[in-house]
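In this text, residue positions in the sequence shown follow our numbering: the first is 7, and each later residue adds one.
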Amino acid sequence: MSSKKPHNECLLCGHSKAKVEEKLLQKHEELNALHDEMKTKGISDKRIKELNNAISIIEDQIEVLNKEKRTKIAVLNRTLLNAAVKRRAVMEAHYNALINKATGAELTALKAEMKDALSSLDMHIEYIKSKEGAASICGSCVEKLATSFGIKAESTELATTAEPATPTLSADNVPWPRELRLFLDQYVIGQSMAKAYIAGAVALHYRRSADLVAGNRKKFNKANLLLIGPTGVGKTEILRTLRAALSENLGQIPMTTKSATKITEAGYIGEDAESIIESLFHQALKSVNPSNAKLTDKIISDAVQLTQLGIAHIDEIDKIADDGSGAGGSVSRRGAQNALLTMMEGDIVTIKLPSGVPGQAIPVDIDTSTILFIGSGAFMGASSGSKSVYEFAKERQKNSGGKSQVANVGFLSDIVNKMGNDSLDNYVDGKVDDIEPEDVVAYGLGHEFVGRLTNIITLSRLSIHALARIVVEPKNAILPEYVNDMLKFYNINIILTQDMALKLEDANATPETAKVMEAIAERANARKTGARAIQSVINGVTFLVTNFPEKLAGKYVMLTDEGIRNPMKLKVFDEAQDDEYVYIGDLLESTLAKIGEKEAKENGSVTEESVETVEKTEESEKTDTNDSE
7 MSSKKPHNEC
17 LLCGHSKAKV
27 EEKLLQKHEE
37 LNALHDEMKT
47 KGISDKRIKE
57 LNNAISIIED
67 QIEVLNKEKR
77 TKIAVLNRTL
87 LNAAVKRRAV
97 MEAHYNALIN
107 KATGAELTAL
117 KAEMKDALSS
127 LDMHIEYIKS
137 KEGAASICGS
147 CVEKLATSFG
157 IKAESTELAT
167 TAEPATPTLS
177 ADNVPWPREL
187 RLFLDQYVIG
197 QSMAKAYIAG
207 AVALHYRRSA
217 DLVAGNRKKF
227 NKANLLLIGP
237 TGVGKTEILR
247 TLRAALSENL
257 GQIPMTTKSA
267 TKITEAGYIG
277 EDAESIIESL
287 FHQALKSVNP
297 SNAKLTDKII
307 SDAVQLTQLG
317 IAHIDEIDKI
327 ADDGSGAGGS
337 VSRRGAQNAL
347 LTMMEGDIVT
357 IKLPSGVPGQ
367 AIPVDIDTST
377 ILFIGSGAFM
387 GASSGSKSVY
397 EFAKERQKNS
407 GGKSQVANVG
417 FLSDIVNKMG
427 NDSLDNYVDG
437 KVDDIEPEDV
447 VAYGLGHEFV
457 GRLTNIITLS
467 RLSIHALARI
477 VVEPKNAILP
487 EYVNDMLKFY
497 NINIILTQDM
507 ALKLEDANAT
517 PETAKVMEAI
527 AERANARKTG
537 ARAIQSVING
547 VTFLVTNFPE
557 KLAGKYVMLT
567 DEGIRNPMKL
577 KVFDEAQDDE
587 YVYIGDLLES
597 TLAKIGEKEA
607 KENGSVTEES
617 VETVEKTEES
627 EKTDTNDSE
């Protein structure tokens, strides 16, 4: 006997619509008969109207049932099948990623688990295929099935909602140090040893946090970070990129950056240290409650959980160092250190949320034990004449016979030698700056305060070679973005070589291209603000292109080392293969002259008549342009 269910039964739960329909039709007939009987007996119009309403309701139910009955699996089959296939691909990719990390018995177990899971899903896919058009699915099962495949039941389309903001923290989804390092390498050039040290420290922190969440430990010794290095060497960019890497695995990790100079002790004018946690919480709240719905205990709980996995970046932390003068400023800086001290180690911070009732607030407790605190600063001396942290380090090394008392991980000379020449980008003139906690204490941060920042990582000035690489190599590099935007928005081709054979990301750069990159790097280096200067240099070099695109549409603008040093000398070609070119300054000479005359007029140094002449000329040019179009 065939086990196939009849067409009028639900494929999944076996519920028979025919039986329900039969009962409804029977009830409908009974009500109609009663209606006729009541009319013949002279029952009041009010009672008859009530009965008619009841009959109408039954008819509506029958119609709904008929519509539901017509919902065949063939209608949903394609969407469900596509969803199942996509889900299988995602699952296979997930297991493959895990297998790449696993070894030994763990690898064998993972492979077996993967085989079983994929086999089960394959059977599900074949089952859906085999039942096409063969049975109905009741509304309840449609919703359950659609939800199980990430489908919006009301539209039977793949759900496009964002990844849940609240992360499920476990040792399985915390990235390995190597994964973080590789992610950082895509966006941050140079600082190889610093990136390796930061990746290792952060990965360990989140694995310990996962162990805590799992209940395997009651607490752990948190290892907060202190990044020391001049401006523009990548401190903030490393943290921003690190957050993005973590969020890929753990959900939208909140991160806030606060200047230490704004933090004061409670009772003083300025921001309390608790404002850091409050900022993290509100970021987390936006992630778990993007629609700004009414706050519930679940929403608040999810936001607290997310906050406790956040990153609190305290910038300019060197600015709250005590200079030992005992003056008011010194007292204020010590107060700021004290305000941050307990929080960095681990404390319960209570923030208040508006309840909607005047004078009342919702208290929310946040444990800072698992929040990762990262301080950063240049430590170049609070004022002219004061010592930098590097000078304190040199004095210590001199007093100890030239050797560090405790070698920081990541700065051992034999490791540096194994990294190759490129790693020398991390150091000023190839020297290793070995900063110890005692050097930071000598600079003016308290012993206990420095004790909360146990990982001290030094980032050094970027070499010209590293700056040149930053121009084009990172995924978010500035020059490639500018080139693409000029072509997309204005039809202006920015080229580096006349035959246009070279792409910006080509590793085998020609000498001409290398000269362009080095020229940009040299100008950026002269500004003493590190990588930050690169964008301002490119903006300055391409000022004429950006501001007069209508004069250059369809043309080819070649960047040369000469043009980088003198933006008026950028070469403009009508065609890519042309031998003849004109300097951009000469091409725009009349336009620039008109602007100069107008500016002179505003300053009162030219006559009214000359300005009128300029304006008439401009109007004439507009007319000529319109005629040509």
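C-beta: ideal position from N, C-alpha, C; glycine also.
Are there 16 or more other CB atoms within 10 angstroms of the CB of residue i, so buried, or fewer, so exposed?
i           : result
residue 599 : exposed
residue 475 : buried
residue 430 : In this prediction, residue 430 scores a pLDDT of 37, lower than 50, which makes its location untrustworthy; no coordinate-derived value is stated.
residue 533 : exposed
residue 215 : buried
residue 304 : exposed
residue 569 : buried
residue 118 : exposed
residue 180 : buried
residue 176 : exposed
residue 192 : exposed
residue 114 : exposed
residue 356 : exposed
residue 584 : exposed
residue 487 : exposed
residue 293 : buried
residue 495 : exposed
residue 463 : buried
residue 190 : buried
residue 184 : exposed
Which partner residues does residue i have in the DSSP bridge list?
i           : result
residue 350 : Residue 350 pairs with nothing; no bridge assigned.
residue 234 : 383 and 464
residue 317 : 261 and 378
residue 359 : 368
residue 277 : 269
residue 592 : Paired residues: none, contrary to the question.
residue 178 : Answer by DSSP bridge pairing: none, since residue 178 is not bridged.
residue 199 : DSSP lists no partner for residue 199.
residue 579 : 562
residue 553 : Beta-bridge pairing links residue 553 to no other residue.
residue 373 : 354
residue 499 : 562
Roughly how far, in whole angstroms, is the beta-carbon of residue i from the beta-carbon of residue j, given that I think they are within contact range, below 8 angstroms?
i           : j           : result
residue 473 : residue 540 : 7 angstroms
residue 323 : residue 266 : 5 angstroms
residue 454 : residue 347 : 6 angstroms
residue 340 : residue 328 : 5 angstroms
residue 399 : residue 497 : In fact, because the Cβ distance is near 54 angstroms, the residues do not count as touching under 8 angstroms.
residue 593 : residue 557 : 7 angstroms
residue 589 : residue 575 : 5 angstroms
residue 207 : residue 182 : Residue 207 to residue 182, Cβ: 13 angstroms. No contact.
residue 232 : residue 459 : 4 angstroms
residue 313 : residue 287 : 5 angstroms
Taking 6 angstroms as the cut-off, does the CB of residue i come closer than this to any heavy atom belonging to the ligand GDP?
i           : result
residue 284 : Inclusion of the ligand GDP in the displayed structure is not the case, the ligand content being empty and no account of it being possible.
Name the residue from the options whose alpha carbon lies nearest to the alpha carbon of residue i.
i           : options               : result
residue 492 : 288, 594, 367 and 551 : 551
residue 440 : 199, 557 and 265      : 199
residue 188 : 176, 296 and 202      : 202
residue 311 : 296, 297, 328 and 289 : 289
residue 565 : 538, 521, 285 and 581 : 521
residue 442 : 485, 396, 342 and 471 : 396
residue 360 : 404, 300, 253 and 260 : 300
residue 546 : 572, 563 and 524      : 572
residue 245 : 296, 562 and 260      : 260
residue 581 : 252, 528 and 500      : 500
residue 461 : 586, 489 and 380      : 380
residue 250 : 567, 186, 488 and 370 : 186
residue 307 : 369, 183 and 256      : 369
residue 406 : 383, 392 and 444      : 444
residue 402 : 270, 574, 446 and 207 : 446
residue 597 : 553, 563 and 579      : 553
residue 256 : 213, 268 and 284      : 213
residue 194 : 587, 482, 588 and 529 : 482
residue 480 : 269, 351, 309 and 196 : 196
residue 523 : 285, 471 and 120      : 471
Between residue i and chain D, is there a C-beta pair that is closer than 7 angstroms?
i           : result
residue 464 : Absent from the structure: chain D. Only one protein chain is present.
Does the region 276-283 come into contact with the region 224-231, if we say contact requires no fewer than three beta-carbon pairs (one atom in each stretch) closer than 8 angstroms?
no
Meets three-Cβ-pair contact criterion under 8 angstroms: the region 371-388 and the region 301-320
yes
Tell me, please, whether the region 459-472 touches the region 234-243 by the rule of three or more beta-carbon pairs shorter than 8 angstroms.
yes
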